[in-house]
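Each remark here refers to the structure printed beneath this line.
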Amino acid sequence: MVLPGPHKDLWGKLDDEKKRTPKDKQGYLYAEDPFLAERERKAAMAKAAKQAESDGKNKKADIKIDLGKNNAEGDGGGNRKRVRFNNVLGMSKQIQLEAEEVIRRHHGFKLISSGTTAIAGKVNSEQVRVDLKKLGFQTFQIEESLLYASSLSDCLEWLLIHVPEDDLPEMFTERNHKHQVSANVQTNDLKVEYAVRHIKQFGFGEDVIYNALKVCGGDKERALVKLTHDLVYETLPTQQQSPESGEFWHDEVQSLIAIYGESNVKSENSNSTVKVVDEQVGEMTFWKSLDYPASIPGIGIAPQNASSVPKYALLNLIKQTGKYAADHLTGDFMLSSIIEWLRDNVSTVLQNPPKLTEITGAVTGDHEQADDETGLSSSGKGKNSSNSRRMARRIKVVSESAENIKQEYDSQLESSKKLQQSIQARQQLPAWQKASEIVKLIHDNQVVLITGETGSGKSTQIVQFVLDDLIKNNKGNQCNIICTQPRRISAMGLAQRVADERDSPVGGIVGYSIRGESKVSDKTMIRFVTAGVLLRMLQADPTGALTNVSHVVVDEIHERSLDSSYLLILLKRLMKRSPKLKIILMSATVDTTAFFKYFDNKIGYTHIEGRTFPVTDYYLDDVIQITKYVPKSLMDEDGVTSDNVGRVIIALRNGIDYSLIAHVVNHIDSQLPASGSILIFMSGAAEIDNAIASIQSSTNGSKFHTLPLHASLTPAEQRRVFDKAPKGLRKVVVSTNVAETSITIPDAMAVVDSGRVKATVYEAENNVVRLVDSWASQAEVTQRRGRAGRVQEGICYKLYTRNIQEKEMAKEPAPEMQRAPLEQLYLSVKAMGINDTQKFLAEALDPPDSAALETARQILSKSGALDEASDQLTPLGKHISTIPADVRCAKLLILSAVFGCLNKGLTLVSILSIKSPFVSPREKREEAKEAQMAFAKDGQGDLLAATMAYEEWVNRKKTQSSSKVRNWCKDNFLSLQTLFDIESSRRQFLTALQEVGFTPSDRNLPPYFNDQDNNEPLIRAIIGAALSPNLAEIVFPEKVFKTSSSGAVEQDPESRGIKFFTEQDGRVFVHPSSTMFGANKFVDHAHYISFGSKMSTSKLFINNITPLGTYGMVFFSQGNIAVDPLGSGVIVRDWIGLKCWPRVGILIKILGNLFNKVLEDKFLNPEKALDKDEIIPLVRRIIEREGR
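Residues in the sequence shown are numbered consecutively from 1, following UniProt numbering.
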């Protein structure tokens, strides 16, 4: 039977294709039963792969690679940190190609060739040669790698990038790592796939082929011409279609047929492709260029025994052939001359392989040059132009003249009855009796220490004494007093109190400045601030911030807070530079000898006695008898009464009995006049809630107006404690130690003291803060009792024994500098240009522990704020130090501006700085948790759930009435005041960014700053970057499958089987208040979570959790990526192992380096636009798609 013409041609082409197919593939492709042949082939391949893996392990067994501080599990390494490779770093072929293309354009591959022969000579190169030989590399490859790298690991990285994949030793090929990488997603265009397979035989890299086909619109012939030109020409020729080109090519093809015979020359594709077979060379293919013979044709060579010739040798043969043609043959017939040149030189060229760098262009697309030009901005270049914009906001001189100030005050004194009454009330305070002495003491000394009993009026009166004296002496415009307070509520409360006493609005003569809120004007002469606000001023302008300040008053110094301790160091130094500056230290109780010694005895001192109203103390044994209290645990025992004090005390076990508290409150209510209020001291917010619940559920609970008071409440909620109780009710304030000193409840007549306090204990070695419920100090309980008796004789009911107060309570609380994390303090010290941080802080009244300082240094280094080698702030660290937020919030703010999600970033930072808008009333916790979970879309985490709630509130405000919005907030357990505070903070943080220079000062921001606001994978990655190093790995239990009609179905794991581990702490637990508590799956199959806080109570809990994608975690690891080239994958952040093909690992490392360079340049030049940058968009896509 004779086949029809078209079918005959097809069979002929199939026969030709069979001849070209390597012999090892002909058997199964053209077998009678190809399916059986394929199964047998796969079985043989699996067996061979298993043997190759075994051989690879044997080769690697005695080869050790130093990966720095890390060591992959099973690789030995003595005391090094052991890394377990639990997860996979997958990358699709398409993303790999995009990455390599961008890396080429930015010369990123040179980052791996930055070594020198001088460096290489310092290592044991002979041992490196032996190890690389064992791993299967060729001698000439090894020798070239040693020209660029200085260690075995560096040599391996260099080789894995520069040696074509097909020429790598088997253990390093992608096919040997299929179990460690995700499936490669290539194009669905079979024509393109076939073209790639065809072109690969000539030695070109797959990524380069895909790129060429993309540029050439999928045209295989044009792509082969482009690949040849890219390999040969340093500057690509500009090809223009020539009318004579086709005729010229046709004539030359006919000439070849005449010379070599029709059987050895075949013309295809309308004569644009010609193949020539030569016994000496092999098969040669030529593709016509558009302007042939003005430029050389595309060249492909398949020499004899082509399967045994390394791919880079084939590329070199094409390159040398093309160079000869370009230099000697262009403009005339050249195909026959090329063939003759190959006949003479093919053996010589193949036997002398080139340097890998000489043909890298065809493998990686990067033509490496001898120079070291990288095309990247050096971190040492440029200046931070935002420095010129970072002018400190110095306190201005009072705008009015001294004469006007005196006249206005005298006039007010005559006309204002309120002011006259206020002065009469002030005259009753103990401080008033010492006014003249205090003014003279301040006048005669630069530093004055004033102690005073609770209720003496020192916090409200001394600043007024100074102001009144200056006004009286016609120097009122010289008065500029800053009075620091340890807490925001103290600063606001005292400003309000002093302003009322002077019959002036807050923000006039008297004002306040706290983080997120400020009420001052050019008339303000007394401003109450938190210590942190004053420190920010000094940090921004160390020499000039206090130029116009006359007095600095540091109140409550007995608390020894971190900020006040730091402030004392600075003030002590400033004294020498500013002799006119007056420093006034105030406290209720303090060790005066320590302060005299600290200021070299050059200090004035006076003490103000307290009010004459005595306070009666009742200890626990008295309380039990007075209230006739018997705990429930003893009620069933016969004969036990309150007279059995010893048994009752033992039953209480030094714990808090909330029924006893309610009992005491009811007893006090029967003793006090109707106008008096009760102040109760508890250790924390939870204990406050329990005490309030117990009081309200007691017999007379409806008679009490109970109010909580603690630092986590909003300012508006805190201010409620100063208001009078509704008619017919008695006010009961249940407070933490926030009401010990600065906050005064004027009508408090009785105090109930639990004697407990929640104190933080910092373990620097583990960087863990433990919140410990313990006994308060003797100084603290003395302060608490002093809160009673402000109006009349007071009573203090102490729920502990006298023996506990004298024997178990410390005299004073431990200074915060010795019990708190110090990274913010360390950053502030560095921002002021101080080199030796430890030496500087040794000047503190209570110096910190060196271990805590070292931990702070390491944390700042890992967050990218501090250069580990020089111990100096990085450009990012300098910007962070100028933003009024902690380290992590400031970093989040900057990154959100850089990556185009500023709107989200402003909200996130405001939430972290203030608190979550969600509230959780004790009696409705389950309902509140459900409402919170409704905003936690797809398990995005706590911070994004709070952000979504805020954004919903903003949208509703635009379309609904105020009452509807309030009801919506109530129904969704959202604090309206907190939402308003977040809104206010957003504006202030945006201003801070503008001052630094990361955003323009224009009212309308360019679209770039918010074009990624809905890119949740990116936003989660940025949150993780900002909260670094607070990262935990999610470890899932073994997979469980259930049989169904459609086959085995994987079951979701139980949440209790999921565990979380951090680098330092080992296993940690999700806090029950988190939206991630009880989660059994995570958004985008996340394997990592970042967390905002870590606290040890019954367990080590983490909160403010955000799930992270693997690539989001990797790219924001501060460049801390180490490749394990022997097969395990990469090690990130010194402790996280990720399985991957080593080439992918190296690509990620190089791309990460380029990414960090872009960020460094941006941090150096905040105003620099990134709209034309292509590295950040690529990294963003990889993060968004998880490498797919």
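Ideal Cβ positions, reconstructed from N, Cα and C, are used throughout, including at glycine. Because the structure is a prediction, the values reported are computed rather than measured.
- Assignment of S677 by DSSP, reduced to helix, strand and coil, places it in the strand class.
- Between the alpha carbons of T235 and G205 lies a gap of roughly 21 Å.
- A897 and D1171 have their C-alpha atoms some 12 Å from each other.
- Within the segment 594-675, the complete beta strand (DSSP E) segments of 3 residues or longer fall at 604-608, 615-618, listed in chain order.
- In this structure, I1121 keeps its C-beta atom at 7 Å or more from the C-beta atom of I161.
- DSSP places P1037 outside both helix and strand once states are collapsed to three, so it counts as coil.
- Here the alpha carbon of G90 sits roughly 11 Å from the alpha carbon of P1142.
- In the structure shown, the three-state DSSP call for Q485 is strand.
- It is roughly 14 Å from the alpha-carbon of R956 to the alpha-carbon of K970.
- Cβ contact annotation for L470 (same chain, cutoff 7 Å, sequence separation greater than five): G476, Q478, C479, in chain order.
- Under the 10 Å beta carbon count, M635 is surrounded by fewer than 16 other beta carbons and is classified as exposed.
- Here the C-alpha atom of L562 lies approximately 30 Å from the C-alpha atom of P430.
- In the DSSP assignment, P1142 falls within the alpha helix (DSSP H) that extends over 1142-1164.
- Looking at the DSSP output, Q783 sits in no beta bridge, so it has no partner there.
- Contact check for I1023 against S1117 fails: the beta carbons are separated by 7 Å or more.
- Take E100, set aside five residues on each side of it, and the residues of its chain with a beta-carbon closer than 6 Å to its own are D207, in chain order.
- A Cβ-Cβ distance of about 16 Å is found for the pair F1115 and F1163, leaving them out of contact under the 8 Å criterion.
- The beta carbon of K602 sits closer than 8 Å to the beta carbons of N445, Q446, V447 from its chain, once the five residues preceding and following it are set aside; these are given in chain order.
- When F202, I649, L893, S850 are compared, the shortest CA-CA separation from R802 is found for I649.
- Residue environment for L190: exposed (fewer than 16 other C-beta atoms within 10 angstroms of its C-beta).
- Put simply, of S272, G300, A294 the residue whose alpha carbon is nearest the alpha carbon of M284 is G300.
- Residue pairing by DSSP places T1106 opposite S1090 in a beta bridge.
- By a beta-carbon distance limit of 8 Å, T855 does not contact G864. Their separation comes to about 17 Å.
- Close CB contacts of P353 within its chain, under the 6 Å cut and outside five residues either way in sequence, are with F140, A313 (chain order).
- A contact is defined here as three or more CB-CB pairs under 8 Å, and the segment 611-622 fails this definition with respect to the segment 569-587.
- Measuring C-alpha to C-alpha distances from Y292 to each of V346, P237, W341 identifies P237 as the nearest.
- The C-alpha of D1134 lies about 11 Å from the C-alpha of Q1064.
- Between T589 and A779, the C-beta spacing is below 7 Å.
- Counted as a single uninterrupted DSSP element, the beta strand (DSSP E) harbouring C796 occupies residues 794-798.
- Here G261 carries a coil assignment [DSSP, helix/strand/coil].
- If only complete runs of 4 or more residues are kept, the segment 533-575 shows no alpha helix (DSSP H) anywhere.
- Rounded to whole angstroms, the gap between the alpha carbons of T641 and S659 is 16 Å.
- In this structure, T1075 places its C-beta atom within 7 Å of the C-beta atom of A936.
- Restricting attention to L827, I1105, D747, L315, the CA atom closest to the CA of Q858 is found in L827.
- Distance from the CA of R577 to the CA of S1001, rounded to the nearest whole angstrom, comes to 35 Å.
- Here DSSP, grouped into helix, strand and coil, assigns K275 to strand.
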